[in-house]
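Below you'll find the structure, written out as structure tokens, and then a few comments.
There are 2 protein chains.
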Amino acid sequence: MKPGVSPDIFPPRSHEAKRVSVVDAAASVFCREGYAGANIDLIAAEAGVSRQTVYNHHGDKEKLFVAVVRDLTERCNAGIFATIASFPDQPTNLEADLIAFAVRMNRNCICNRDGRFLRKLIQAEGGRYPELFAEWREQGPGRTWSALAARFARLAFAGHLSIGDPDVAARQFLALVNAELQITFMLGGVPTEEEVLRSATNGVRTFLSAFARRKSPAAKQAALAHA
Amino acid sequence: MKPGVSPDIFPPRSHEAKRVSVVDAAASVFCREGYAGANIDLIAAEAGVSRQTVYNHHGDKEKLFVAVVRDLTERCNAGIFATIASFPDQPTNLEADLIAFAVRMNRNCICNRDGRFLRKLIQAEGGRYPELFAEWREQGPGRTWSALAARFARLAFAGHLSIGDPDVAARQFLALVNAELQITFMLGGVPTEEEVLRSATNGVRTFLSAFARRKSPAAKQAALAHA
DNA sequence: ACAAATTTAGACAGGCTTGTCCAATTCGTC
DNA sequence: GACGAATTGGACAAGCCTGTCTAAATTTGT
């Protein structure tokens with residue numbers, strides 16, 4: 292044990308550490324180059340591992356790809372549900388709380404490494420692995436929307452919002468909050484913190500304009516005065 | 292000239308007809324297989340042309356790819372601006388007119404062959420051809436949003452809507468109207484006419500809830516606060 | 001109908017990639 | 001320190017793909 296070595300060097304890594312290292316590198320290369328363009332040698336090099344080790348761990352290219360997708364799916368879902376758990380059920384300032392939630396959602400689930408990679412793989416290879424991505428679809432967006440819809444329904448029940456169909460509202464919330472980031476996402480870029488905040492702010496304001504509780508003008512005025 | 296042949300057979304096609312045939316087939320194959328996975332032999336076969344003809348017309352694979360993207364970009368933009376020209380400037384029934392417009396937009400620009408193909412190519416290869424897609428970005432979304440924003444501003448000016456920032460409203464309109472189609476788009480699928488209509492209906496209703504003209508001072512204040 | 005231009009099929013070299021095999025080395029653990 | 005497992009680097013065959021070249025067939029324009 293000689294801990295005095297340079298922090299940039301990870302001299303020996305465990306078996307398991309190499310497995311994840313390979314999967315991480317593979318995710319990066321598959322995304323950058325596409326499935327067909329991805330080169331096992333490059334993945335091995337990027338993982339700091341020999342090509343043979345890649346084959347030892349994952350068998351062949353296709354199995355490696357499946358492992359990558361499963362890994363990303365799992366981590367993304369975990370992040371999404373962790374973030375949804377922070378939904379403002381008892382908002383003190385509805386607008387500010389929803390904006391903060393939207394920013395968290397973006398930062399932790401959609402703009403982060405896993406989110407961007409998974410999205411790109413789904414877009415690029417979704418047609419080639421229908422069953423694999425059908426699995427993602429059920430576990431990911433399906434449950435995300437349900438969970439989010441339940442939270443919005445709760446806000447509506449508590450009198451903070453006036454919502455017709457919570458499922459529709461949940462999907463529209465996500466769409467609005469990302470409205471200004473679409474192009475950046477499409478080109479595979481990463482929006483700045485400021486862009487995320489602006490899109491979330493504009494999106495939440497419009498969302499609340501549409502779904503804020505409608506009772507009397509006075510109540511509305513009071514609600515707006517909050518902000 | 293013997294027009295009596297079977298309609299399924301196009302015995303001799305002109306030079307120019309072969310060029311477009313090749314570009315069309317290439318678009319299809321590039322989308323399905325990705326740039327690296329696309330095979331010139333397959334493109335030639337799908338175009339009903341010999342491999343050498345592909346090279347005669349387009350030089351090499353990369354030039355062919357660029358030709359495909361330019362072709363798709365041009366046709367998509369033409370479709371988009373033709374559709375925007377049908378924006379309901381003098382609506383008789385604002386909700387119905389906007390829903391119909393949204394459906395047209397989807398059907399003619401976003402869900403059709405060109406739209407789906409271009410989107411997929413941008414997503415998959417956007418990182419590899421920054422200048423090519425930067426061109427698309429300016430000519431396409433940039434001008435689309437401006438044009439749409441101008442139409443919404445006009446509706447607001449005519450007293451049909453209460454809008455803070457027309458650019459924001461335009462982007463949010465598109466986001467809302469497509470909110471329920473995102474997953475289908477991601478997986479490269481084609482939504483049914485009914486799905487398009489439902490997403491547009493829900494989106495436009497929410498849009499109008501947020502931006503319908505407000506009379507109360509509080510609402511006006513909120514609208515101004517947007518800017 | 002004739003001449004020029006285009007298209008075709010096929011062969012071909014060169015390069016790259018996948019996946020396997022193996023001998024030498026290094027690592028984890030006792 | 002020693003043993004077994006994992007890792008490495010390199011060689012290797014097989015296959016695939018791009019891009020070129022050719023000679024023959026076909027189409028187009030006149």
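The listed protein sequences derive, respectively, from chains Z and V.
Just so you know, we're using my numbering here: the first sequence kicks off at 292 and counts up by one.
Just so you know, we're using my numbering here: the second sequence kicks off at 292 and counts up by one.
The beta-carbon is built from N, C-alpha and C at its ideal position, and this holds for glycine as well.
Q.
At the level of alpha carbons, what is the spacing between D362 of chain Z and V311 of chain Z?
A. Rounded to whole angstroms, the gap between the alpha carbons of D362 of chain Z and V311 of chain Z is 9 Å.
Q. For a contact meaning CB atoms closer than 8 Å, what does N493 of chain Z contact in chain V?
A. Within 8 Å Cβ-Cβ: D456, V459, Q463 and H517.
(Q) Quick check: is the beta carbon of P432 of chain Z nearer than 9 Å to any beta carbon in chain V? (A) Yes, P432 of chain Z counts as interfacial toward chain V.
Q) Using a C-beta cutoff of 9 Å, does G325 of chain Z count as contacting chain V? A) G325 of chain Z counts as touching chain V.
Q: In the DSSP assignment, find the alpha helix (DSSP H) that holds G328 of chain Z and state where it starts and stops.
A: Segment H306 to G328, the alpha helix (DSSP H) holding G328 of chain Z.
Q) So which residues of chain V does F424 of chain Z contact, with C-beta pairs closer than 8 Å? A) Residues of chain V with a Cβ closer than 8 Å to the Cβ of F424 of chain Z are, in chain order, L478.
Q. So the alpha helix (DSSP H) S490 of chain Z belongs to, where does it begin and stop?
A. S490 of chain Z -> alpha helix (DSSP H) spans E484 to F502.
Q) Which full runs of the alpha helix (DSSP H) of 4+ residues lie inside the region 352-429 of chain Z, going along the chain? A) Counting whole runs of 4 or more residues, the region 352-429 of chain Z contains the alpha helix (DSSP H) stretches 352-375, 385-396, 404-416 and 421-428.
Q) Roughly how many whole angstroms lie between the Cα atoms of A393 of chain V and R366 of chain Z? A) As the crow flies, the alpha-carbon of A393 of chain V is around 36 Å from that of R366 of chain Z.
Q | Short Cβ contact (9 Å threshold) for F498 of chain V with V468 of chain V | A | With a cutoff of 9 Å on beta-carbon distance, F498 of chain V and V468 of chain V are scored as near each other.
Q: Label Q414 of chain Z either buried or exposed according to how many other C-beta atoms from any shown protein chain fall within 10 Å of its C-beta, with 16 as the threshold for buried.
A: By the Cβ-count criterion, Q414 of chain Z is buried, with 16 or more other Cβ atoms from all chains shown falling within 10 Å of its own Cβ.
**Q.** C-alpha distance - T435 of chain V paired with G479 of chain Z, whole-angstrom precision
**A.** So the alpha carbons of these two residues sit roughly 20 Å apart.
Q. Are the CB atoms of S319 of chain V and E337 of chain V nearer to each other than 9 Å?
A. Cβ atoms of S319 of chain V and E337 of chain V: closer than 9 Å.
Q) Taking the Cβ atom as the reference point for each residue, do L439 of chain Z and L465 of chain Z lie within a distance shorter than 9 Å? A) Taking 9 Å as the Cβ cut-off, L439 of chain Z and L465 of chain Z qualify as a contacting pair.
Q: Rounded to whole angstroms, what's the CA-CA distance from L472 of chain Z to I474 of chain V? Just pull it up for me.
A: If you draw a straight line from the Cα of L472 of chain Z to the Cα of I474 of chain V, it is about 16 Å long.
Q) Would DSSP call L446 of chain V helix, strand or coil? A) The three-state secondary structure of L446 of chain V, taken from DSSP, is helix.
Q.
Bridge partners for L452 of chain Z per DSSP, in chain order?
A. According to DSSP, which records beta bridges pairwise, L452 of chain Z is partnered with Z:A503.
Q | Contact set between the region 383-416 of chain V and chain Z, restricted to residues whose Cβ is under 9 Å from the partner | A | Residues of the region 383-416 of chain V that bring their beta carbon within less than 9 Å of a beta carbon in chain Z comprise R410, K411, I413, Q414, A415 and E416, in sequence order.
(Q) For I371 of chain V, which residues in the same chain have their Cβ closer than 6 Å to its Cβ, ignoring the five residues on either side in sequence? (A) Once the five neighbours on either side are set aside, the close Cβ partners of I371 of chain V are C400 and T435.
Q) Taking C-alpha atoms, which residue in Z:A461, Z:V481 and Z:F448 lies nearest to G494 of chain Z? A) Shortest Cα-Cα distance from G494 of chain Z to any of Z:A461, Z:V481 and Z:F448 involves Z:A461.
(Q) Measuring alpha carbon to alpha carbon, tell me which residue in Z:G328, Z:F321, Z:S305 and Z:V313 is nearest S341 of chain Z. (A) Measuring from the Cα of S341 of chain Z, the nearest candidate turns out to be Z:V313.
(Q) Between N368 of chain Z and chain V, is any beta-carbon pair separated by less than 9 Å? (A) Not one chain V Cβ lies under 9 Å of N368 of chain Z.
Q: May I have the straight-line CA-CA distance separating K354 of chain Z from V360 of chain V, to the nearest angstrom?
A: Take the alpha-carbon of K354 of chain Z and the one of V360 of chain V: they are about 32 Å apart.
(Q) My assumption, with CB atoms under 8 Å, is that A503 of chain Z sits in contact with L452 of chain Z. Please give the rounded CB distance. (A) Between the beta-carbon of A503 of chain Z and that of L452 of chain Z there is about 7 Å, and that keeps the pair under the 8 Å contact cut.
(Q) Can you check whether the C-beta of E353 of chain V is within less than 9 Å of a C-beta belonging to chain Z? (A) By this cut-off, E353 of chain V is not an interface position.
Q: Please confirm if L488 of chain Z has its CB atom under 9 Å from at least one CB of chain V.
A: No, no contact with chain V.
Q: Assign K293 of chain Z to one of three DSSP states: helix, strand, or coil.
A: Interpretation of K293 of chain Z is limited by its pLDDT of 35, a score under 50 that renders its predicted location unreliable; the figure taken from the coordinates is listed afterwards. Three-state DSSP puts K293 of chain Z in coil, outside helix and strand.
Q: Could you name the residues of chain V that L452 of chain Z contacts, counting a contact when the two beta carbons are closer than 7 Å?
A: The premise fails here: L452 of chain Z is roughly 12 Å from chain V at the closest Cβ pair, so nothing lies under 7 Å.
**Q.** Coarse secondary structure for V481 of chain Z, derived from DSSP in three states
**A.** Looking at V481 of chain Z - three-state DSSP - the assignment turns out to be coil, as it is neither helix nor strand.
Q. Nearest-angstrom Cα distance between G455 of chain V and A376 of chain Z?
A. Their backbone Cα atoms lie some 33 Å apart in a straight line.
Q.
If you measure between the beta carbons of P482 of chain V and N368 of chain V, is that distance less than 9 Å?
A. Not a contact, by the Cβ cut-off of 9 Å.
**Q.** Inter-residue spacing [alpha-carbon to alpha-carbon] between L333 of chain Z and A317 of chain Z
**A.** Here the alpha carbon of L333 of chain Z sits roughly 9 Å from the alpha carbon of A317 of chain Z.
Q) So, is L417 of chain V buried or exposed, given that buried needs 16 or more other C-beta atoms within 10 angstroms? A) Note on identity: in this sequence residue 417 of chain V is Gly, with Leu being the wrong assignment. Classification for G417 of chain V: buried.
Q. Is the Cβ of F502 of chain V closer than 9 Å to any Cβ of chain Z?
A. So, interface residue.
Q.
Below 7 Å on C-beta distance, what does A440 of chain Z contact in chain V?
A. Near A440 of chain Z there are no residues of chain V at all, since even the closest Cβ is about 13 Å away, more than 7 Å.
Q: Check whether the Cβ atoms of G328 of chain V and G433 of chain Z lie closer than 9 Å to each other.
A: Contact: no.
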